[in-house]
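Working notes, beginning with the structure itself.
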């Protein structure tokens with residue numbers, strides 16, 4: 001059965017998040033080429049919503065069925081590109097199958113607990129030091145099928161392919177005249193894991209109360225400037241462990257153990 005807005009859970013776990021306050025977890029280069037620590041989204045988190053969140057806000061429980069669907073939406077897009085079925089783009093030689101990571105999902109949930117459409121400065125984990133992030137928000141009045149809503153919001157990211165060029169995929173840049181970073185995040189061949197969070201909160205617009213759905217997904221690695229988003233080549237030709245039986249353009253799940261989420265190919 002489809003999940004709806006009644007399928008929510010309030011998470012009040014106020015466990016210590018001190019591990020995320022270590023400066024080395026969020027070191028980033030500033031414009032002067034110097035490393036400086038950024039604020040981690042979970043540093044100081046106490047298990048509650050931000051004070052600006054309106055009454056009636058709720059964290060959506062992402063159950064196994066919804067997790068599977070989010071993964072499918074991503075792997076379907078990755079498979080399409082990897083096979084060479086995106087007419088404007090070359091196929092990918094080693095595109096992994098993304099899997100779910102609970103820690104990335106937990107950090108995505110902390111982001112949406114702000115009830116603000118705003119990227120956090122850092123959501124790194126010890127396994128994924130360069131984690132990336134996609135955000136989307138939608139307003140709904142009658143729609144209650146969360147699967148349909150997640151599909152719509154994920155499709156907003158995917159549709160950026162229309163503004164993307166092979167040149168940018170071969171050497172990523174932020175100096176581009178269109179928004180493409182959500183799509184490049186979805187199809188990175190160094191991303192092996194994702195985790196997402198969803199918050200639902202009411203917002204009055206004129207005489208109507210809409211359900212706002214804020215959706216965040218964190219990724220094993222962000223898009224790295226001056227690096228390729230993926231390596232071109234015959235589909236699956238560089239997969240050392242074989243092909244995924246469900247997505248013929250993707251590597252098998254075992255390949256994920258061989259791929260490192262670092263800003264350089266190995």
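Numbering (the numbering used here), first residue to last: 1 to 266.
Ideal Cβ positions, reconstructed from N, Cα and C, are used throughout, including at glycine.
{"Query": "What does DSSP give as the partner residue(s) for residue 218 in the beta ladder?", "Result": "133 and 195"}
{"Query": "Quick one: give me the first and last residue of the alpha helix (DSSP H) that residue 148 is part of.", "Result": "146-158"}
{"Query": "At what residue ranges does the stretch 23-76 contain a whole run of the beta strand (DSSP E), taking only runs of 3 or more?", "Result": "27-29, 35-37 and 58-60"}
{"Query": "With residue 249 as the anchor, note down where its alpha helix (DSSP H) starts and where it stops.", "Result": "Residue 249 -> no alpha helix (DSSP H), and no H or E assigned at all."}
{"Query": "Please indicate yes or no: does the CB of residue 109 lie closer than 7 Å to some heavy atom of the ligand SAH?", "Result": "With respect to the ligand SAH, the structure offers nothing, as it holds no ligand at all."}
{"Query": "Suppose the cutoff is 8 Å on Cβ atoms and the five residues either side in sequence are ignored; what does the same chain contact list for residue 83 look like?", "Result": "91, 235, 248 and 249"}
{"Query": "Could you pull out every residue in the same chain whose Cβ sits closer than 6 Å to the Cβ of residue 21, ignoring the five residues on either side in sequence?", "Result": "43"}
{"Query": "Give the straight-line distance between the Cα atoms of residue 132 and residue 60, rounded to the nearest whole angstrom.", "Result": "21 Å"}
{"Query": "Once the 5 residues before and after residue 267 are set aside, which same chain residues still bring their CB inside 8 Å of it?", "Result": "Since the first and last residues shown for the chain are 1 and 266, residue 267 lies out of range."}
{"Query": "What does residue 212 pair with, by DSSP beta-bridge criteria?", "Result": "139 and 201"}
{"Query": "Short of 8 Å in beta carbon distance, which residues of its chain neighbour residue 195, apart from the five on each side in sequence? Order them along the chain.", "Result": "100, 101, 102, 103, 104, 105, 106, 107, 108, 217 and 218"}
{"Query": "Which one of 54, 68, 210 and 226 has the shortest CA to CA distance from residue 142?", "Result": "210"}
{"Query": "List the residues that DSSP assigns as beta-bridge partners of residue 92.", "Result": "232"}
{"Query": "Under 8 Å between C-beta atoms, does residue 75 make it to chain B?", "Result": "Of the protein chains in the structure, only one exists, and it is not chain B."}
{"Query": "Helix, strand or coil for residue 99? Go by DSSP, reduced to three states.", "Result": "strand"}
{"Query": "Within its chain, find whatever has a CB closer than 6 Å to the CB of residue 213; leave out the 5 residues flanking it on each side and keep chain order.", "Result": "138, 149 and 200"}
{"Query": "Once DSSP output is grouped into helix, strand and coil, what is the label at residue 21?", "Result": "helix"}
{"Query": "For residue 188, count neighbouring Cβ atoms within 10 angstroms of its own Cβ and tell me buried if that reaches 16, exposed if not.", "Result": "buried"}
{"Query": "Do residue 41 and residue 123 have their C-beta atoms within less than 8 Å of each other?", "Result": "yes"}
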